[in-house]
Each structure stands twice: as structure tokens, then as C-alpha cells.
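S.K.:
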Amino acid sequence: MKKKGMNKEGILRLCNEINKKEEGSVYSLGNKNGNLKIPRWSTGLVDLDNIIGGGVPKGRTIEIFGAESAGKTTLAYQMCAQHELCLDIPIEGCVDKDTEFFNGKEWKKISEYKKDENVLQYNKDGTASLVKPLKYHKKDACQMWRVKTKNRLDMVVSEYHNVVYRSIGNNEVKIKPFHDIHLRMLRNKEGFAGNIPKTFLYDGEGIELSDNVIRLMVAVMADGSFKKENKTNLCFVGLKKKRKRDRMKMLLTNCGIEYTMSKDKKFYKFYAPYKFKHYPSEWYNMTNRQLMVVLDEMKHWDGCQFEKGHVPSFTTINKSDADFIQFAYTSCGYAAYIVKRDRWNEWQYIDGRLIDNGNISYTVCSGIKSDIVSLRKAEVKPFKTIDGKMYCFTMPSGMWVMRRNNRIIVTGNTFDAERAKLFGNTPKQMLVYRARYGEKAFNRAIRFAEEGIPLIVIDSVPSLQPKDDIDKIRKAVNTDSEQEMRIGGVARLMDKYLPTLEDVIEQTGTTVVFINQIRDKMNALPFGDNIQTPGGHKLKHSASLRIQVARKGYIEIPNHNPYNTEAKERIGMIMKVKVVKSKVCNPMQSCEIPLFYERGFVDFADLDQTRKEIMEEHKKLYKEMLNS
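Quick note: the sequence shown uses our numbering, first residue 146, plus one each step.
Written out as C-alpha cells, the structure reads:
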């Protein structure tokens, strides 16, 4: 039989027939270098566009991965700002109903939050301020965990709730999903090497009282009394200890208040400036300096002295007073917690819960001036919520101050909307869909891609846990049993959904960005690459671009904050971006991009000027703070 040669005309005719039915399925490379002309859009960063071939390719999947606080989500915000409409899919994280928030007047359970209430927000510089949350969340609870340490920490969080911590070795504030922290606890016998902030600097507007009057009213609230039938401010103070009598005499003299004494000089009678026996809610608005005055005077009355080896404390039978003193300690840099005690050892319980039978006293215990609590020896156990719900706030800074079981710490939320605005995103520009498990995230991403949305960001890959795995854990918690879990849940979802997603985005031109994390490679050799990314190998092989981001260094300025003793203040960082894999450009290219926390990305040419502007702003701000 004669060997048949290539029929070029027949091949071209077949290609034309295929393209009539499947447009664009067969094409010629058509140029010298063999590069396809791929439609792209700019990231808004010239250096980044150059190393990825001129811009982000349309209709492709992209993976951005790196360590915590490397700028992965920040880079995604920058990409979102280049489109009229985009979609962000973060995985939800929340706390339980017994978690409390501070609204400026009192601590309240998060389940009792009312519209337009303020919440105490934590800022990166260690300060706290009252702001309205961007959003309040209440939904069905998923897997919850209780994290406890002795007398210092008590929090209940979901698997992917953002935990705020400071790494050992530096004072930098970082945020990491609890899932990642829990994994490190299980792998390391010493636990997670991180410290949760538990104090803050709160500076209210102040109250119009002199320091002498504040000190006198602290003494009155401790040992004074007012007759109910008397409508005047007539106050009676009986004191047995000579040091207290001398102290009261000095305070009355300093305030210029006339008084009378009993014959034995143990009983004082005078008209007090104000008629209140407990700390009023308005005192929460004190300046930091006024709160220090309260604490300094309190130790002479209901509190103990700051003696060596003695823990400062304050005891009262009024819970609101204990709450205020704890707040004062915490806002002045002293970690404090409240201990309930039965004065006559007659504890009463109803349905397993301790009730206030009138015999309970509250002791505010404060240690040395410390602002962190270690997670190294934390105890982690599954937790079943009482009402089957979980709650959370979305704060402008992404962090807020919480209290549970009378222990105060700083915690995070799931989506930093204000930071997204910093990079040019408007409320109508960026859609946020919160998926509770992986199947929902993929299904919604496919639906939105079919509608032609230009950019979809999935944050993050390790959070895409299958519903079956989550339900198994919940069942185990509810029945107090152990359930065997299959590993590789995220990888299974990638194998199942990623081909469908890629087929859709190729037709619509949608770009899908997966934000991923890095893990230490188990049993890694001392040489070579010792890190890996979760989610299996499917995403690695399918992604058209794999971009690794890392923090190369910090951008610092001299510190002008009078409340901070550190020599330098970090206002930004130098982000290193490297193309690890590419199907659309030359791989292994890298660049460096300056990122300011308050300004966003800038060019290297504008680095020094931006740094000077921020330095002058901070100098002016701290000067005003000091004057006030």
C-alpha cells in the first residue's frame, strides 16, 4: 500500500468546519515567537504589569500565594479597583453569643447588638476608637472552637475567624484564620508562637472635672453613702483606718469643701460635688490621663497597693463598677480580668448556670503592665453554641475589642472593607459574597462568571472545606463523639469544580484569582524548596499565572507617639512579587513594589515624598493628642 502524505488543504478545511461549530477552538500561532495574543487588563501597577506580560490575562485562573501579612489580599484589592464591578468571596468567620463588645457606655453581648450602636475598634498603632461597624453578622453556626488559657484568655471562634496576634520577636500586628493557628498548635508541641493583644490605648474626649474632684468622688464611691430620703448631695463617710481618714481630710481640703467630723474623728459629713455611689457611664469618656488618676486614687480605697509581689486588684459587689475599673486598667496598658466570688460560699445554680444571689463580689485583677497573652499553652476544644448561631462585626480596621467570661482581647473579622476602599474600591464596585463552605463558593463563582463579571477573587483556598467535612465535625461536637475525617477535602473540590469553572471563564473572559497560603512541607529535606500550598496539585497545574508575594522589608519613620516607646514606626513595607509559573509570559521574573498602609501602592520615584508626607501627618497628629 502506498504511503499517504499530509493533506494540508484537508486539514485546513477540517479546522474551518470545527470553528463553525466551536468558534475559536482551532487557531494558528501566527507569529514568530509563537506567543498568543491574549486580551489583558492592567493592575494599575506598571512594574507588576511588566513582569506578567503587560497585564492580567482575561479568561484565565491566577493563584496569588505567600506568607501571612505578605500583601496577598491587598494585591487583590488593587486588582478589583481596576474594574467597574468585581466579586470577592471570603469564607465566613464568627464568634458565639456570649462574646461581648463595648459600645462606649457598657459591655453588651454581641447577640444583643442594636442598629447604629458603636463598637470599640482596635487600630494597628495600638489605639482604640468607637466607630460604627460596617456590617453586623448573624447566621447559623458552623464548627466552633473554644480557646482557653489560665485566667487570661477565653474565646469561642469559628474555624476561619480571623485571629489578631503579634509574632514573637517583633511587635507587628498580624491576622491569621484560626484554622491555620490550630494546625500549627497540633503540629508543634509548644503550641503557636504568637501573642494576642489584650490592652489598648483609649483616649476619650474627657469629662469636665478636675483631678481633685475625680479623686474625691472615687473615695466617696468607695466608702461614702447618701440617704435615699435626702434629695441633696449630703454625704456620710465612716472610716476606721487612720490612713484613710488622713486621705479623706486631704481630698476635702484640696477641693475646698467644708466638712464636719464626729468627736472620735472617724465620721465625716459634707456636701459632695455629685450624688452618685457607682461609677457613671459618662466616665468611660475620660481621657487616658483621667483614667490613670482614677486608678491611682482607687488603690487607696477599694483597691490594693502596687507593692512588690502583690497583684493590683479592686473588689466590689457592683458589676458595673468592676467593668469600669477593668476598662480603665486595660485602656492604660494593664491587662485585667474579673473574678467572681461568693462572699459566704453559697453558690447558687439554675440549669447549670451560676446566678447572682446577692452574695457575689467581683475582683478586678491586674498584673504587671503587659499587653499580650501567649497562645503557646492554650487549650483548644470543640464547642457547641447554645443558640446554634454565630455573630461578628465587619470593622473599618478589620479588628475590634471583645470580652468573653470577663477576659478582654483583640479579635478580627472576615472582610476589611475600609482597606478595600483605600485602593480605590467603591461600595457599588465590589460585591462580597460570604460562602460558608467550598461547594457554595465554587457554585456561586461559576454563576457569576456565566453573567460575565470581569474579576472574581476567592479568599482563600484553604478555607474551601467541603460541606460533608464540616457537617461531620459539627455532628461530632453535638454528640461528643469522634469522627474520622478524610484528608484532602480542598483538593477533591478543586478536581471536581475547577474544570467547569475554567470552561466558563474561557468563554466569558472572566479572570479568577485564588488567594492561597503557604505551609511548611512535612519531612522536607534540608535543601531545596521546603514550602507548599494547600489545595492539591490541580490548581498548580491549571493556573495560567502563579504569583508569589513576600515582605522584603519595612518602610519606617521616627516615632512621634508619646505613648509608644519604640524608636521607629512602621508605615508600610516593600512587597516582592515573583512570577513562579506562567503560561502567558516569561516565568521567574520579579519586581518590588512599595506599599503604604495608609496610602496604598506607590512608585519607587514617589517613595521618599510619600514617606515625608506621612511623617508630617503623624507628627501633627501626635502633637494634637499630647496637647489634648
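Ideal placement from N, C-alpha and C gives every residue a C-beta, glycine not left out.
When the Cα atoms are used, what is the spatial distance from residue 454 to residue 475?
M.R.: Note that residue 454 has pLDDT 46, beneath the 50 cutoff, so the model's placement of it is unreliable and the number below is only indicative. Rounded to whole angstroms, residue 454 to residue 475 spans 20 Å at the Cα level.
S.K.: Would you call residue 782 buried or exposed, if buried means 16 or more other Cβ atoms sit within 10 Å of its Cβ?
M.R.: Residue 782 lies beyond the range of the chain shown here (146 to 773); nothing can be said about it.
S.K.: Helix, strand or coil for residue 492, going by three-state DSSP, please let me know.
M.R.: Because the pLDDT of residue 492 is 49, which lies under 50, any placement of that residue in the model is unreliable, and the number read from its coordinates should be weighed accordingly. Looking at residue 492 - three-state DSSP - the assignment turns out to be coil, as it is neither helix nor strand.
S.K.: Cα-Cα, which of 249, 235, 253 is closest to residue 243?
M.R.: For residue 243, the nearest C-alpha among the options comes from 253.
S.K.: What does residue 252 pair with, by DSSP beta-bridge criteria?
M.R.: BP columns for residue 252 point to 247.
S.K.: Terminal residues of the continuous alpha helix (DSSP H) containing residue 656?
M.R.: Residue 656 -> not in any alpha helix (DSSP H); beta strand (DSSP E) instead, spanning 656-662.
S.K.: Alpha carbon to alpha carbon, what distance is there between residue 689 and residue 683?
M.R.: Between residue 683 and residue 689, the C-alpha separation is close to 12 Å.
S.K.: Whole angstroms are fine: how far does the CA of residue 660 sit from the CA of residue 218?
M.R.: C-alpha separation (whole angstroms): 7 Å.
S.K.: If you measure between the beta carbons of residue 338 and residue 313, is that distance less than 7 Å?
M.R.: A contact, by the Cβ cut-off of 7 Å.
S.K.: Between the Cα of residue 679 and the Cα atoms of 200, 195, 194, 210, which residue gives the shortest distance?
M.R.: Of the listed residues, the one whose Cα sits closest to residue 679 is 210.
S.K.: Kindly confirm or deny that the stretch 645-656 and the stretch 354-362 touch, where touching means at least three C-beta pairs closer than 8 Å.
M.R.: Cβ pair count under 8 Å is below three, so no.
S.K.: Evaluate residue 429 with the Cβ neighbour count: other Cβ atoms within 10 Å of its Cβ, from every protein chain shown; 16 or more gives buried, anything less gives exposed.
M.R.: Flag for residue 429 reads buried.
S.K.: What first and last residue would you give for the alpha helix (DSSP H) that runs through residue 471?
M.R.: Where residue 471 is concerned, the enclosing alpha helix (DSSP H) stretches over 464-476.
S.K.: Within its chain, find whatever has a CB closer than 6 Å to the CB of residue 531; leave out the 5 residues flanking it on each side and keep chain order.
M.R.: Around residue 531: no qualifying Cβ.
S.K.: Pull up the distance between the alpha-carbon of residue 161 and that of residue 183, whole angstroms please.
M.R.: So the two alpha carbons sit approximately 21 Å from each other.
S.K.: Mind checking whether residue 555 and residue 267 have CB atoms under 7 Å apart?
M.R.: Yes, the pair counts as a contact, with Cβ atoms nearer than the cut-off.
S.K.: When you compare each of 214, 298, 759, 279 to residue 482 by their alpha carbons, which one comes out closest?
M.R.: Of the candidates 214, 298, 759, 279, the one whose C-alpha sits nearest the C-alpha of residue 482 is 298.
S.K.: Comparing C-alpha positions only, which one of 473, 431, 291 sits nearest to residue 529?
M.R.: Of the candidates 473, 431, 291, the one whose C-alpha sits nearest the C-alpha of residue 529 is 291.
S.K.: Which of helix, strand or coil does DSSP assign to residue 434?
M.R.: In this structure, residue 434 counts as helix in the three-state DSSP scheme.
S.K.: Please state the DSSP three-state secondary structure of residue 187.
M.R.: Of the three classes helix, strand and coil, the one that applies to residue 187 here is coil, per DSSP.
S.K.: Can you say whether residue 351 is buried or exposed, counting buried as having 16 or more other CB atoms within 10 angstroms of its CB?
M.R.: It is exposed - the Cβ of residue 351 has fewer than 16 other Cβ atoms within 10 Å.
S.K.: Give me, in chain order, the residues of the same chain whose beta-carbon lies closer than 6 Å to that of residue 394; leave out the 5 immediate sequence neighbours on both sides.
M.R.: Correct list: empty, nothing qualifies.
S.K.: Look at the alpha carbon of residue 432 and the alpha carbon of residue 438, and state the distance between them as a whole number of angstroms.
M.R.: Roughly 10 Å separates the two Cα atoms.
S.K.: By the DSSP assignment, the alpha helix (DSSP H) with residue 644 in it spans what residues?
M.R.: Start and end: 634-653.
S.K.: Based on the DSSP secondary-structure assignment, which residues constitute the bridge partners of residue 724?
M.R.: DSSP, once it has assigned bridges, lists 692 as partnering residue 724.
S.K.: Are three or more beta carbon pairs between the stretch 403-419 and the stretch 381-392 nearer than 8 Å?
M.R.: Yes, the stretch 403-419 touches the stretch 381-392.
S.K.: Please report the distance separating the alpha-carbon of residue 300 from that of residue 471.
M.R.: Approximately 18 Å between the Cα atoms of the pair.
S.K.: Closest to residue 510 by C-alpha separation, out of 571, 566, 444, would be which residue?
M.R.: Among 571, 566, 444, the Cα nearest to that of residue 510 belongs to 444.
S.K.: In terms of residue numbering, what span does the alpha helix (DSSP H) encompassing residue 223 cover?
M.R.: Residues 217-225.
S.K.: Below 7 Å between beta carbons: does that hold for residue 695 and residue 215?
M.R.: It is a contact, given that the beta carbons lie within the stated cut-off.
S.K.: Closest by CA to residue 717, which one among 747, 733, 194?
M.R.: The residue with the shortest Cα to Cα distance from residue 717 is 747.
S.K.: With residue 320 as the anchor, note down where its beta strand (DSSP E) starts and where it stops.
M.R.: Segment 318-322, the beta strand (DSSP E) holding residue 320.
S.K.: Once you ignore the five residues that flank residue 369 on each side, which residues in its own chain have a CB closer than 6 Å to its CB?
M.R.: Answer for residue 369: 380, 382, listed in chain order.
S.K.: Would you mind giving the Cβ-Cβ distance between residue 577 and residue 233, rounded to the nearest angstrom? I have them listed as a contact below 8 Å.
M.R.: About 5 Å; that satisfies the 8 Å criterion.
S.K.: Just to confirm, is the Cβ distance from residue 537 to residue 282 under 7 Å?
M.R.: A contact, by the Cβ cut-off of 7 Å.
S.K.: By DSSP, does residue 285 sit in helix, in strand, or in coil?
M.R.: Residue 285 falls in the strand class under three-state DSSP.
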